[in-house]
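So for the sequence shown, our numbering puts the first residue at 1; every next one is plus one. In this text, a Cβ means the ideal position worked out from N, Cα and C, and glycines have one as well. Working notes for the structure below.
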Amino acid sequence: MPRMLDVSEDVRAEIGDAEADRLLVGDNTPGSYDCTSCRTPGDSEQERTSTVLFVGDETAVLAFAHATCIPSQVVQVAEEQLQGAVRSITGNEAEQSQDLPAEQAVLGITSGLVLIDDELHPALVVEPTGAIARPGTDGSRGDEFLQLLLEQGFHRAPRMDQVPAVLHGWSILLAMGKLHAVLQPGPDGGAPVAWWQAHAPLQVTEGWRTAANKSQTVLVFAAPAGSIGQQPREDLLRDALDRAAADGLLVAAAMPLAGT
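Encoded structure:
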């Protein structure tokens, strides 16, 4: 049965006309799927569906998404990150961080530009919606969010006047100008997995994207629940970061950018 499938010209060019045509008539296309973007079920027989091709240096993986979530496209991913990145986006093998379990709280992320040494840097600010407890504990020890991040390799940021050190093995996955995930090293040195995963791709400003593409690095700041809050402007966000840093409630790391 023909599928309600969108195959972009870029995807067709990568997979070839024959494979694209087979997909469009229903061959090699699952009727149901987990959306690569929002990770909720989709049905290519009932709703418009996008083909999304993840391409590394040597391998490529085809996934599917609601057309309302993300258009059909080719996403370039570093070869060593391909399998982990695809798992993190599709949720086919969604692996939660061993240190930051999702059931404790939801990690909120805000994007913005921060000024350090007269240079604008693309930044992400991470703040949970509630206290984070260490796995296997009852939470009686209080919020351990910062301590867990320090154990992961983040550093305390007592001031906002220095660019934080690079956290090796972590990266920021950006595709078609939208933020998809923050990736961390997989267990036992395996392929990267999602530490934070967008339910729907997060739009970033053109200025943020330009700065990220220029530096190929994103600064990630994290603070406990209630430290930063939802700030409507970048100047207010910076003020909140300064206060959290002065109060000893801010950790930070620089992460390489994956994607465009």
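- In the three-state scheme derived from DSSP, where H, G and I count as helix and E and B as strand, L174 is classed as strand.
- Assignment of L167 by DSSP, reduced to helix, strand and coil, places it in the coil class.
- DSSP, reduced to helix, strand and coil, places Q203 within a strand of the structure shown.
- Separation of P71 and T210 (C-alpha to C-alpha, rounded to the nearest whole angstrom) is 21 angstroms.
- In this structure, the CA atom of F145 is about 47 angstroms from the CA atom of G16.
- Exclusion of the five residues before and after A244 leaves A223, S227, I228 and L250 as the residues of its chain whose Cβ lies within less than 7 angstroms of its Cβ.
- Closest option to P158, judged by alpha-carbon separation, among D143, L236, F221 and D10: F221.
- One thing to note: M4 has its Cβ within 7 angstroms of the Cβ of T49.
- Between V114 and R12 the beta-carbon gap is near 40 angstroms, outside 8 angstroms, which marks them as no contact.
- The straight-line gap separating the alpha-carbon atoms of W170 and S32 is approximately 32 angstroms.
- Inclusion of S8 and Q76 in the CB contact set at 7 angstroms is not warranted, their separation being larger than that value.
- Apart from the 5 residues on each side of it in sequence, Q46 sits with its Cβ closer than 8 angstroms to the Cβ of M4 in its chain, given in chain order.
- Counting along the chain, no beta strand (DSSP E) covers D247, and no H or E run does either.
- Contact check for W196 and L107: beta-carbon distance about 5 angstroms, within the 8 angstroms limit, so the pair qualifies.
- In this structure, the CA atom of R22 is about 15 angstroms from the CA atom of F64.
- One Cα belongs to H121, the other to L183, and the distance between them is close to 19 angstroms.
- About 7 angstroms separates the Cβ atoms of D143 and A225, confirming a contact at the 8 angstroms cut-off.
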